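K.L.:
Protein sequences appear in the order of chains Z and B.
Under my numbering, the very last position in the first sequence is 148; numbers go up by exactly one each time.
Under my numbering, the very last position in the second sequence is 1089; numbers go up by exactly one each time.
Virtual Cβ for every residue (Gly too), placed ideally from N, Cα, C.
Quantities reported herein were computed from a predicted structural model and do not represent experimental measurements.
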Amino acid sequence: MIHCDILDVKKEKINISKAQKFIASSKCGASLFFMGTVRNENNNKKVTGITYDSHDGMVKKSFQEIYEESKKKFKFETITIFVEHAKGYVALGEVSVLIAVACKHRKEVYEVSRFVIEEIKKRTPIWKKEHYEGKETEWLKGNPVVNQ
Amino acid sequence: MKITVELYGASRDFSSESFIEINLVNNSKIKDLRKELIKFIDNHHAGNENFRELVKAAAFCSDKNEIIHDDYVISKEQKIAIIPPIGGG
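1. Please list, in chain order, all residues of the same chain as residue 90 of chain Z whose beta carbon is under 8 Å from its beta carbon, the five residues on each side excluded.
2. Who are the near neighbours of residue 27 of chain Z in its chain, counting only those whose CB is closer than 6 Å to its CB and skipping five residues on each side?
3. Should residue 1058 of chain B and residue 139 of chain Z be called a contact, given that it needs their Cβ atoms to be closer than 7 Å?
4. Alpha carbons only, please: which of Z:29, Z:34 and Z:11 is nearest the one belonging to residue 19 of chain Z?
5. Flag this pair as yes or no: are the beta carbons of residue 1030 of chain B and residue 1072 of chain B separated by less than 7 Å?
6. Could you pull out every residue in the same chain whose Cβ sits closer than 8 Å to the Cβ of residue 41 of chain Z, ignoring the five residues on either side in sequence?
7. Looking only at its own chain, which residues have a Cβ that is under 7 Å from the Cβ of residue 58 of chain Z, when we skip the five neighbours before and after it?
8. List the residues of chain Z whose Cβ lies closer than 8 Å to the Cβ of residue 1008 of chain B, in chain order.
9. Nearest to residue 92 of chain Z by CA position, among Z:119, Z:122, Z:131 and Z:12, is which residue?
10. Beta-carbon of residue 35 of chain Z versus every beta-carbon of chain B: anything under 7 Å?
11. With respect to the alpha helix (DSSP H) encompassing residue 1008 of chain B, which residues constitute its N-terminal and C-terminal limits?
12. Determine the closest residue to residue 36 of chain Z out of Z:135, Z:121 and Z:136, with distance taken between C-alpha atoms.
13. Which same chain residues end up closer than 6 Å to residue 148 of chain Z when comparing Cβ atoms and leaving out the 5 residues on each side of it in sequence?
14. For residue 143 of chain Z, would you say it is in contact with chain B, using Cβ-to-Cβ distances shorter than 7 Å as the test?
15. Given a cut-off of 7 Å on the beta-carbon distance, is the pair residue 86 of chain Z and residue 32 of chain Z in contact?
16. Using a Cβ-Cβ cut-off of 7 Å (strictly less than) and excluding sequence neighbours within five positions of residue 1048 of chain B, which residues of its own chain qualify?
17. Assuming residue 1074 of chain B and residue 1037 of chain B form a contact by the criterion Cβ under 8 Å, report the distance between their Cβ atoms to the nearest whole angstrom.
18. Below 7 Å CB to CB, which residues in the same chain sit around residue 1055 of chain B once its five sequence neighbours on both sides are set aside?
19. So for residue 38 of chain Z, helix, strand or coil by DSSP?
20. Residue 7 of chain Z versus chain B: which residues are under 7 Å apart at the beta carbon?
21. So if DSSP puts residue 1021 of chain B in a beta bridge, which residue, or which two residues, is it bridged to?
22. For the region 7-51 of chain Z, list the alpha helix (DSSP H) runs that are entirely contained and at least 4 residues long, ordered along the chain.
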């Protein structure tokens, strides 16, 4: 089971209690929550916020694909994933991505959660424009999409 | 035929709009679109080297949310998204 979305932060913020409700199940003995937040420094520059841009259709499709691949790869009895990524301006310390995973055992949630975030980094079309002190901005250099 | 190229990430700096329009001959391929985009950069951004490199490194996406390769034939007027190198999370 998966819930995935890209949230326009002007309309809605990422909310951990929504994730808790979605993954809650008496079949699962382990839940893990991973949050990516905006850090105050990158490449020796003081970061004040990040604007996230996304190709929404491809993002949702890639989240679904990552979920399907996690089922095939790990073959765990139960995998429930909640993933939401922010779109728009996210200020320092705020949440940019939330991945919540529930499985039967603790070893499983660590493996699945790590797999999901690493795959998002590799293939999900989301871009970051960092904002620095002094109003300077810069699009971060990313990696070409893996299935190019 | 007229192709609408939707801009994402760093390619948004190519235009004040969220897209640019490129004229291509019928049955052009993605690699032809890439060449035309580089011409666009040369004409509108004085050959900005970062923009040129971005176009060379980018993937392209169809209106069906599928990555389309350099030999994909563009058979009709359509929207195609440019997908610069990615890095969310």
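P.N.:
Working from what's here:
1. Here the set comprises 9, 38, 49, 50, 51, 52 and 96.
2. Hits under 6 Å: 78.
3. For residue 1058 of chain B and residue 139 of chain Z, no; Cβs fall outside 7 Å.
4. That would be Z:34, whose Cα lies nearest to the Cα of residue 19 of chain Z.
5. Note that the C-beta distance between residue 1030 of chain B and residue 1072 of chain B is below 7 Å.
6. Exclusion of the five residues before and after residue 41 of chain Z leaves 47 as the residues of its chain whose Cβ lies within less than 8 Å of its Cβ.
7. Listed in chain order, the non-local C-beta contacts of residue 58 of chain Z below 7 Å within the same chain comprise 125, local neighbours out to five positions each way being set aside.
8. Going along chain Z in sequence order, the residues near residue 1008 of chain B (Cβ under 8 Å) are 53, 54, 55, 125 and 127.
9. That would be Z:131, whose Cα lies nearest to the Cα of residue 92 of chain Z.
10. Contact of residue 35 of chain Z with chain B is not assigned, every C-beta pair being separated by 7 Å or more.
11. That residue, residue 1008 of chain B, is in no alpha helix (DSSP H); it is neither H nor E in DSSP.
12. Of Z:135, Z:121 and Z:136, the smallest CA-CA separation from residue 36 of chain Z is found for Z:121.
13. Low local confidence applies: a pLDDT of 42 at residue 148 of chain Z is under 50, so the model's placement there is unreliable, and no value is given.
14. Among the residues facing chain B, residue 143 of chain Z is included, as its CB has a counterpart in that chain under 7 Å away.
15. No, the Cβ-Cβ distance between residue 86 of chain Z and residue 32 of chain Z is not below 7 Å.
16. If we look at residue 1048 of chain B and ignore the five residues flanking it on each side, its Cβ neighbours are 1041.
17. For residue 1074 of chain B against residue 1037 of chain B, the beta-carbon gap comes to about 13 Å, at or over 8 Å, which does not count as contact.
18. Answer for residue 1055 of chain B: 1034, 1037, 1038 and 1041, listed in chain order.
19. Residue 38 of chain Z: coil per DSSP, three-state reduction.
20. Result: empty, since nearest Cβ-Cβ is about 13 Å, beyond 7 Å.
21. In the DSSP output, where bridge partners are listed per residue, residue 1021 of chain B has B:1004.
22. Listed in chain order, the complete alpha helix (DSSP H) runs (minimum 4 residues) inside the region 7-51 of chain Z are 16-23.
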